[in-house]
Amino acid sequence: MPELPEVEFARSVIERAALGREIADVDDADPYVCRPHHPGEIRAALIGRELTAAHRRGKSMWCDTSGPVLGIHLGMSGKIVIADPDGSEIDGGDYWEGRRKTGDYRWARFGLTFADGGRLLLVDPRRLGRVRLDPPVEKLGPDAATITADAFTRAVTGGSAPVKARLLEQHRIAGIGNLLADEILWQARVHPGRPGDEITEPEVKRLFRATRAAVRSALRDGGVHTLTLIAHRRPDGRCPRDGTPMTHGTFGGRTTWWCPRDQVR
DNA sequence: TATAGTGTTATCGG
DNA sequence: ACCGATAACACTAT
């Protein structure tokens, strides 16, 4: 399930395989995924156009076209699949890899059909992805992969909300999901429940460095599943640093795992 | 069989 | 205004 690194991979697949192909048809029949549009609205806007560029900020993607901008969000279970008329497929996903057979389009929730017969599909079993025209990208904070130290400090400090909740707010920093957040807090040795207005300068510094390091390593190694802490977020999990049994609780409405010895309130 | 979940958004209540 | 909790979405994994 996608966080920033997985979305970047999907974006690169679109860039590599879908740009410059004339759009001959659009399946926008799913009113939930395509909200707030009505069925046929995206179709009418894109037929005869082509994608000219693929962008990403945080977990949001958008494509420039010769017409309106096409926004794509993968939600929790979405991925991009490019299916070509010769039967070949480019699978732009990770989590469902090996669990979805080539040619299984049961959960295709949106699709572009190109004039050459190829298709770009949003395959999304849980239907939490979204496709819309002219998405409000400006509401997102700076991308977690490139955010500056100053912007990071502004985003994380202040307020009474737990720091974990802040890391997850896409309008402050775009791209950190539940797993990345736990990894960052663990790397930085910061308790997830620390309120923003109590975070110290050294803590912010460690969080910033951990954010950059975790995002970079997940981008390099193929996704958030490769992060150190992830395998230890489980009932019998132990801290990879000191062997202490991991604790879990809820912050910002999400299940959170941390090391009670390393990460002290 | 029951429950939780790597995301987002809206709404309600404190 | 800020924050937490809850629901909704529909399916998979444990």
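The numbering of the first sequence is numbering that gives the first Met the number 0, which starts it at 0 and goes up by one.
The C-beta atom is built at its ideal place from N, Cα and C for all residues, glycine as well.
Contacts around residue i, its chain only, beta-carbon distance under 7 Å, and the 5 residues preceding and following it disregarded
i: Ala-213; result: Leu-179, Glu-182, Ile-183, Gln-186, Leu-226
i: Gly-116; result: Pro-84
i: Ala-28; result: Pro-38
i: Ile-146; result: Ile-172
i: Val-6; result: Arg-55, Lys-58, Met-60, Leu-73
i: Ala-143; result: Leu-3, Gly-57, Ile-172, Ala-173, Gly-174, Ile-175, Thr-210, Val-214
i: Ala-17; result: Leu-50, Ile-81, Leu-119
Cβ shell of residue i (< 8 Å), same chain only, five flanking positions each side left out
i: Asp-241; result: Cys-258, Arg-260, Asp-261
i: Gly-157; result: Gly-195, Asp-196
i: Ala-164; result: Phe-250, Gly-251, Gly-252
Selection from the options that minimises the alpha carbon distance to residue i
i: Gly-92; options: Thr-243, Ala-217, Phe-8, Ile-198; result: Phe-8
i: Trp-61; options: Val-223, Val-189, Val-155, Leu-139; result: Leu-139
i: Arg-118; options: Arg-108, Thr-147, Asp-142; result: Arg-108
i: Ser-159; options: Asp-196, Ala-44, Ala-43; result: Asp-196
i: Glu-2; options: His-247, Thr-112, Met-75, Arg-193; result: Met-75
i: His-72; options: Ala-43, Tyr-104, Cys-33; result: Cys-33
i: Thr-254; options: Gly-176, Asp-220, Arg-264; result: Gly-176
i: Ala-44; options: Pro-30, Leu-69, Lys-58, His-54; result: Leu-69
i: Ile-22; options: Ala-154, Tyr-31, Glu-40, Gly-110; result: Gly-110
i: Asp-235; options: Met-245, Leu-166, Lys-78; result: Met-245
i: Arg-193; options: Pro-161, Gly-19, Ala-154, Phe-207; result: Pro-161
i: Arg-126; options: Leu-132, Gly-102, Trp-106; result: Trp-106
i: Pro-124; options: Ser-216, Lys-78, Pro-67, Glu-200; result: Lys-78
i: Pro-239; options: Val-122, Leu-228, Pro-191; result: Leu-228
i: Pro-30; options: Val-130, Gly-222, Val-136; result: Val-130
Range of the contiguous beta strand (DSSP E) that encloses residue i
i: Ile-71; result: 69 to 72
i: Trp-106; result: From DSSP, Trp-106 is part of no beta strand (DSSP E); its letter is neither H nor E.
i: Lys-78; result: 78 to 82
i: Gly-248; result: 246 to 250
i: Thr-255; result: 253 to 257
i: Arg-118; result: 118 to 122
Residue range of the alpha helix (DSSP H) that includes residue i
i: Ile-13; result: 3 to 16
i: Glu-88; result: Where Glu-88 is concerned, there is no enclosing alpha helix (DSSP H), although the beta strand (DSSP E) it sits in stretches over 88 to 90.
i: Leu-45; result: 40 to 45
Residues bridged to residue i (per DSSP)
i: Asp-26; result: Gly-110
i: Met-60; result: Arg-55, Ile-71
i: Leu-50; result: Thr-64
i: Arg-237; result: Pro-244
Own chain residues within Cβ distance below 6 Å of residue i, not counting five before or after
i: Asp-90; result: Val-80
i: Pro-141; result: Ala-150
i: Glu-96; result: Confidence at Glu-96 is low in this model, with a pLDDT of 47, below 50, so its placement is unreliable and no value can be given for it.
i: Asp-63; result: Thr-51, Ala-52
i: Thr-243; result: Cys-258, Arg-260
i: Ser-65; result: Arg-48, Glu-49
i: Thr-112; result: Ala-23, Asp-24, Arg-118
i: Pro-134; result: Trp-61, Gly-70
i: Phe-207; result: Ala-148, Phe-151
i: Arg-205; result: Ala-187
i: Arg-237; result: Pro-244
Any non-hydrogen atom of the ligand MN within 7 Å of residue i CB
i: Pro-161; result: In terms of ligand content, the structure shown is empty, and the ligand MN therefore cannot be addressed.
In the segment 128 to 201, which residue ranges form an unbroken beta strand (DSSP E) of at least 3 residues, counting only runs that do not cross its ends?
129 to 132
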